[in-house]
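Down below is the structure, laid out as structure tokens.
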Amino acid sequence: MVQPLGYLKESASQTAGPYVHIGCTPNFTGIHGVYDHDLGSGSLVNEQTRGERITIRGRVIDGAGTALRDALVEIWQADADGFYNSPSETRGKADPNFFGWARCPGDMETGEFVFETIKPGRVPFRDGRLMAPHVNFWIVARGINLGLNTRMYFSDETQANAEDPILARIEHKVRVPTLVGKRDGDTVTFDIYLQGENETIFFDI
7 MVQPLGYLKE SASQTAGPYV HIGCTPNFTG IHGVYDHDLG SGSLVNEQTR
57 GERITIRGRV IDGAGTALRD ALVEIWQADA DGFYNSPSET RGKADPNFFG
107 WARCPGDMET GEFVFETIKP GRVPFRDGRL MAPHVNFWIV ARGINLGLNT
157 RMYFSDETQA NAEDPILARI EHKVRVPTLV GKRDGDTVTF DIYLQGENET
207 IFFDI
């Protein structure tokens, strides 16, 4: 039986802010007593975590070149051996001392987000080819109707980046650098541009 067209209408989309921090990071906003700590806050590692320790720093920058001060950024990534801390991981056992996911609100003055993690191992693409080491990002903020997904690759992985099947699918190669974090020692800087000349590539997933 055919349903009438007005039976199930799509709900209107709304932006994530300004209440996203209240719901996702109440302690960060000064609302204490709801949770002992904000879910996903803090480091992805502990003293027993395997792998090379790195710090990821960056900002979410709008079309006018201004860092957003109310962005919320989440990352997820493989461990040092290329396994995800997920029930759907069937290739092997992930490092039990690596959480694999974290959430960080941008600093309310500078807009900077910071993650303490490890450099991920290479993960196979669905056809078996190895992808370059990368970290997945999800970004929400006031004015963004749908969360934005992107990736950060590493500037010290030139050969692996050249072999990566996802990067190979990008038609305009001049935009590939928007997905590459700049490595300096144990710090990787990755600024995410929402619009403009340096607009970051976002993925429809």
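Going letter by letter, the sequence shown gives residues 7 to 211 in my numbering. Ideal placement from N, C-alpha and C gives every residue a C-beta, glycine not left out.
Problem set entry | Through-space distance from D170 to I60, alpha-carbon basis | Straight-line Cα distance between these residues: approximately 21 Å.
For this session: Locate the alpha helix (DSSP H) running through V26, then write down its first and last residues.
Result: V26 to C30 is the span of the alpha helix (DSSP H), which, as asked, contains V26.
Exercise. With DSSP run on the structure shown, which of helix, strand or coil describes A84?
Worked result: A84 falls in the coil class under three-state DSSP.
Problem set entry | Reference G57, options I176, C110, I207 and F104, closest by Cα | Of I176, C110, I207 and F104, the smallest CA-CA separation from G57 is found for F104.
For this session: Could you check the C-alpha separation between A108 and L14 for me, to the nearest Å?
Result: Roughly 35 Å separates the two Cα atoms.
Exercise. Run through DSSP, which three-state label would R65 get?
Worked result: Looking at R65 - three-state DSSP - the assignment turns out to be strand.
Exercise. Which residues share a DSSP beta bridge with V79?
Worked result: Paired residues: C110 and I145.
For this session: Within 10 angstroms of the Cβ of R157, are there 16 or more other Cβ atoms? Answer buried if so, exposed if not.
Result: Burial call: buried.
Problem set entry | Own chain, CB closer than 6 Å to Y199, minus 5 neighbours either side, in chain order | Hits under 6 Å: I67, E205 and T206.
Exercise. Any heavy atom of the ligand ATP closer than 7 Å to the CB of D190?
Worked result: This structure lacks the ligand ATP, and indeed carries no ligand of any kind.
Problem set entry | Exposure of T123, with buried meaning 16 or more beta-carbon neighbours within 10 Å | So T123 ends up on the buried side.
For this session: Compute the beta-carbon to beta-carbon distance between Q83 and N142, rounded to the nearest angstrom, for a pair I have assumed lies under 8 Å.
Result: Going by Cβ atoms, the distance from Q83 to N142 rounds to 6 Å, so yes, they are a contact pair.
Exercise. Would G64 pass as a contact of F119 if the rule is Cβ separation under 8 Å?
Worked result: Yes, they are a contact pair.
For this session: Ignore the nearest five residues each way along the sequence and tell me which others in D133's own chain have a CB closer than 8 Å to its CB.
Result: Excluding sequence neighbours, D133 sits near P171.
For this session: Find the nearest neighbour of F160 within the set G149, D192, V146 and F131, judged by alpha-carbon distance.
Result: For the options G149, D192, V146 and F131, the alpha carbon positioned closest to that of F160 is the one of D192.
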